[in-house]
Amino acid sequence: MGLHRFLHQSAHLASSHPVRVMVVEGSDLIRAGLVQLLGAQPGISVVGEAGDGMGAEQVFTQCHPEVVLMDINLPDTNGIACTQRLRQLNPAVRVVVLTESDTEHHVLQSLKAGASAYCLKRTKPSLLAQIIAMVFDGGTWLDATVAPIALNWFQQTVPDRNQPHSLGVEHV
(Lines of atoms letter the chains of each structure in order from A; the text may use other names.)
(Lines give C-alpha, C1' and ligand atoms only; values in the text may rest on other atoms or scores of the structure.)
Protein backbone atom coordinates (compact mmCIF):
# COMPACT_ATOMS: atom_id res chain seq x y z
CA MET A 24 0.00 0.00 0.00
CA GLY A 25 1.43 3.38 -0.96
CA LEU A 26 2.06 6.07 1.62
CA HIS A 27 -0.40 8.44 -0.06
CA ARG A 28 -3.17 5.82 0.08
CA PHE A 29 -2.39 5.03 3.72
CA LEU A 30 -2.49 8.72 4.68
CA HIS A 31 -5.77 9.14 2.78
CA GLN A 32 -7.30 6.23 4.70
CA SER A 33 -6.00 7.49 8.02
CA ALA A 34 -7.44 10.92 7.28
CA HIS A 35 -10.78 9.32 6.41
CA LEU A 36 -10.90 7.41 9.69
CA ALA A 37 -10.00 10.50 11.68
CA SER A 38 -12.17 13.12 10.00
CA SER A 39 -15.30 11.58 8.45
CA HIS A 40 -18.32 10.01 10.04
CA PRO A 41 -17.54 6.59 11.47
CA VAL A 42 -17.85 3.70 9.02
CA ARG A 43 -20.91 1.67 9.99
CA VAL A 44 -19.71 -1.95 10.32
CA MET A 45 -21.63 -5.17 10.91
CA VAL A 46 -19.82 -8.33 12.04
CA VAL A 47 -21.11 -11.74 10.86
CA GLU A 48 -19.10 -14.52 12.53
CA GLY A 49 -20.18 -18.06 13.41
CA SER A 50 -18.03 -18.32 16.54
CA ASP A 51 -19.41 -16.41 19.52
CA LEU A 52 -15.94 -15.94 21.00
CA ILE A 53 -14.36 -14.64 17.79
CA ARG A 54 -17.37 -12.42 17.06
CA ALA A 55 -17.18 -10.83 20.53
CA GLY A 56 -13.46 -10.19 20.06
CA LEU A 57 -13.99 -8.61 16.63
CA VAL A 58 -16.78 -6.38 17.94
CA GLN A 59 -14.59 -5.22 20.82
CA LEU A 60 -11.51 -4.76 18.60
CA LEU A 61 -13.32 -2.82 15.87
CA GLY A 62 -15.39 -0.82 18.35
CA ALA A 63 -12.17 0.53 19.85
CA GLN A 64 -10.91 1.77 16.46
CA PRO A 65 -11.34 5.47 15.68
CA GLY A 66 -13.54 5.95 12.65
CA ILE A 67 -15.42 2.64 13.01
CA SER A 68 -18.81 2.14 14.59
CA VAL A 69 -19.98 -1.46 15.02
CA VAL A 70 -23.72 -1.15 14.40
CA GLY A 71 -24.68 -4.82 14.38
CA GLU A 72 -23.56 -8.40 14.75
CA ALA A 73 -24.89 -11.83 13.85
CA GLY A 74 -23.81 -15.43 14.29
CA ASP A 75 -25.61 -16.95 11.30
CA GLY A 76 -27.05 -16.09 7.90
CA MET A 77 -30.67 -15.69 8.98
CA GLY A 78 -29.68 -13.37 11.80
CA ALA A 79 -27.39 -11.48 9.43
CA GLU A 80 -30.28 -10.62 7.10
CA GLN A 81 -32.45 -9.43 10.00
CA VAL A 82 -29.72 -7.31 11.58
CA PHE A 83 -28.63 -5.99 8.18
CA THR A 84 -32.09 -4.60 7.37
CA GLN A 85 -32.30 -2.97 10.81
CA CYS A 86 -28.85 -1.42 11.17
CA HIS A 87 -27.95 -0.49 7.55
CA PRO A 88 -24.18 -1.06 7.69
CA GLU A 89 -21.83 0.34 5.07
CA VAL A 90 -19.32 -2.51 5.47
CA VAL A 91 -19.99 -6.11 6.53
CA LEU A 92 -17.22 -8.26 7.98
CA MET A 93 -18.23 -11.79 6.87
CA ASP A 94 -17.10 -15.22 8.01
CA ILE A 95 -17.50 -18.00 5.42
CA ASN A 96 -18.37 -20.76 7.91
CA LEU A 97 -21.76 -19.96 9.38
CA PRO A 98 -23.96 -22.52 11.14
CA ASP A 99 -26.99 -22.27 8.83
CA THR A 100 -25.48 -21.22 5.51
CA ASN A 101 -22.15 -20.20 4.11
CA GLY A 102 -20.88 -16.66 4.11
CA ILE A 103 -20.66 -16.66 0.32
CA ALA A 104 -24.41 -17.13 -0.07
CA CYS A 105 -24.98 -14.61 2.73
CA THR A 106 -22.71 -12.09 0.97
CA GLN A 107 -24.68 -12.52 -2.23
CA ARG A 108 -28.00 -12.06 -0.39
CA LEU A 109 -26.88 -8.93 1.48
CA ARG A 110 -25.57 -7.41 -1.76
CA GLN A 111 -28.97 -8.11 -3.36
CA LEU A 112 -30.64 -6.26 -0.49
CA ASN A 113 -28.20 -3.34 -0.83
CA PRO A 114 -25.77 -3.37 -3.78
CA ALA A 115 -23.83 -0.46 -2.25
CA VAL A 116 -22.76 -2.42 0.83
CA ARG A 117 -19.12 -3.47 0.88
CA VAL A 118 -18.21 -6.94 2.18
CA VAL A 119 -14.90 -7.93 3.74
CA VAL A 120 -14.58 -11.72 3.96
CA LEU A 121 -12.61 -12.77 7.05
CA THR A 122 -11.92 -16.50 7.06
CA GLU A 123 -9.40 -19.26 7.68
CA SER A 124 -9.92 -20.68 4.18
CA ASP A 125 -7.47 -19.95 1.41
CA THR A 126 -8.98 -22.42 -1.07
CA GLU A 127 -9.45 -21.42 -4.68
CA HIS A 128 -13.16 -22.24 -4.49
CA HIS A 129 -13.83 -19.98 -1.50
CA VAL A 130 -11.73 -17.10 -2.85
CA LEU A 131 -13.29 -17.07 -6.32
CA GLN A 132 -16.85 -17.68 -5.14
CA SER A 133 -16.56 -14.89 -2.54
CA LEU A 134 -15.33 -12.42 -5.14
CA LYS A 135 -18.04 -13.49 -7.59
CA ALA A 136 -20.64 -13.00 -4.83
CA GLY A 137 -19.50 -9.39 -4.47
CA ALA A 138 -16.88 -9.34 -1.73
CA SER A 139 -14.56 -6.33 -1.90
CA ALA A 140 -11.85 -7.88 0.26
CA TYR A 141 -10.67 -11.35 1.20
CA CYS A 142 -8.73 -11.54 4.47
CA LEU A 143 -7.41 -14.52 6.34
CA LYS A 144 -7.99 -14.69 10.09
CA ARG A 145 -4.27 -14.35 10.66
CA THR A 146 -4.52 -10.72 9.45
CA LYS A 147 -3.03 -8.31 11.98
CA PRO A 148 -5.74 -6.48 13.94
CA SER A 149 -4.25 -3.09 13.06
CA LEU A 150 -4.50 -3.93 9.35
CA LEU A 151 -8.15 -4.96 9.56
CA ALA A 152 -9.29 -1.40 10.32
CA GLN A 153 -7.27 -0.14 7.34
CA ILE A 154 -8.85 -2.75 5.07
CA ILE A 155 -12.33 -1.70 6.21
CA ALA A 156 -11.50 1.94 5.45
CA MET A 157 -10.08 0.97 2.07
CA VAL A 158 -13.17 -0.95 0.95
CA PHE A 159 -15.47 1.74 2.34
CA ASP A 160 -13.64 4.20 0.08
CA GLY A 161 -14.26 1.93 -2.92
CA GLY A 162 -11.03 -0.06 -2.88
CA THR A 163 -10.38 -3.77 -2.84
CA TRP A 164 -7.97 -5.91 -0.87
CA LEU A 165 -6.73 -9.49 -1.13
CA ASP A 166 -4.49 -11.30 1.31
CA ALA A 167 -1.12 -11.94 -0.31
CA THR A 168 -1.70 -15.69 0.05
CA VAL A 169 -4.86 -15.65 -2.08
CA ALA A 170 -4.00 -12.86 -4.54
CA PRO A 171 -2.33 -15.31 -6.99
CA ILE A 172 -5.58 -17.30 -7.15
CA ALA A 173 -7.55 -14.25 -8.26
CA LEU A 174 -4.80 -13.13 -10.65
CA ASN A 175 -4.57 -16.58 -12.24
CA TRP A 176 -8.34 -16.71 -12.71
CA PHE A 177 -8.30 -13.24 -14.26
CA GLN A 178 -5.49 -14.12 -16.64
CA GLN A 179 -7.29 -17.27 -17.77
CA THR A 180 -10.71 -15.63 -18.09
CA VAL A 181 -10.10 -12.22 -19.65
CA PRO A 182 -9.19 -12.33 -23.35
CA ASP A 183 -5.86 -10.83 -24.37
CA ARG A 184 -6.74 -7.69 -26.33
CA ASN A 185 -3.29 -7.66 -27.98
CA GLN A 186 -3.93 -10.93 -29.77
CA PRO A 187 -5.30 -10.55 -33.31
CA HIS A 188 -8.79 -11.94 -33.71
CA SER A 189 -9.77 -13.81 -36.81
CA LEU A 190 -12.74 -12.41 -38.63
CA GLY A 191 -15.45 -14.75 -39.69
CA VAL A 192 -17.67 -14.16 -42.69
CA GLU A 193 -20.26 -12.48 -40.50
CA HIS A 194 -17.68 -9.81 -39.45
CA VAL A 195 -16.53 -8.88 -42.97
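The sequence shown runs 24 to 195 under the numbering used here. Backbone N, C-alpha and C define an ideal beta-carbon position, used for all residues, glycine too. Note that the structure is predicted; figures quoted are calculated from it, not measured.
With 16 other Cβ atoms within 10 Å as the buried cut-off, status of residue i
i           : result
residue 39  : exposed
residue 71  : buried
residue 117 : buried
residue 129 : buried
residue 76  : buried
residue 64  : buried
residue 132 : buried
residue 170 : exposed
Three-way DSSP call (helix, strand, coil) for residue i in this model
i           : result
residue 102 : helix
residue 119 : strand
residue 108 : helix
residue 181 : coil
residue 140 : strand
residue 169 : coil
residue 96  : strand
residue 149 : helix
residue 80  : helix
residue 73  : strand
residue 133 : helix
Rounded separation between residue i and residue j - CA only
i           : j           : result
residue 86  : residue 165 : 27 Å
residue 55  : residue 178 : 39 Å
residue 47  : residue 180 : 31 Å
residue 173 : residue 150 : 21 Å
residue 152 : residue 68  : 11 Å
residue 49  : residue 182 : 39 Å
residue 43  : residue 176 : 32 Å
residue 135 : residue 122 : 16 Å
Contact test: residue i Cβ vs the ligand GTP heavy atom, cutoff 7 Å
i           : result
residue 128 : As far as ligands go, the structure on display features none, and thus does not contain the ligand GTP.
Cβ-Cβ separation, residue j to residue i (assumed contact under 8 Å), whole Å
i           : j           : result
residue 139 : residue 163 : 5 Å
residue 88  : residue 45  : 4 Å
residue 119 : residue 95  : The Cβ separation is near 12 Å, so there is no contact.
residue 168 : residue 143 : 6 Å
residue 90  : residue 158 : 6 Å
Contact with chain B by residue i, beta-carbon distance below 8 Å
i          : result
residue 46 : Annotation note: the requested chain B is absent from the structure, which comprises a single protein chain.
Do the stretch 59 to 73 and the stretch 106 to 117 meet, that is, are 3 or more Cβ pairs less than 8 Å apart?
-> These segments do not touch.
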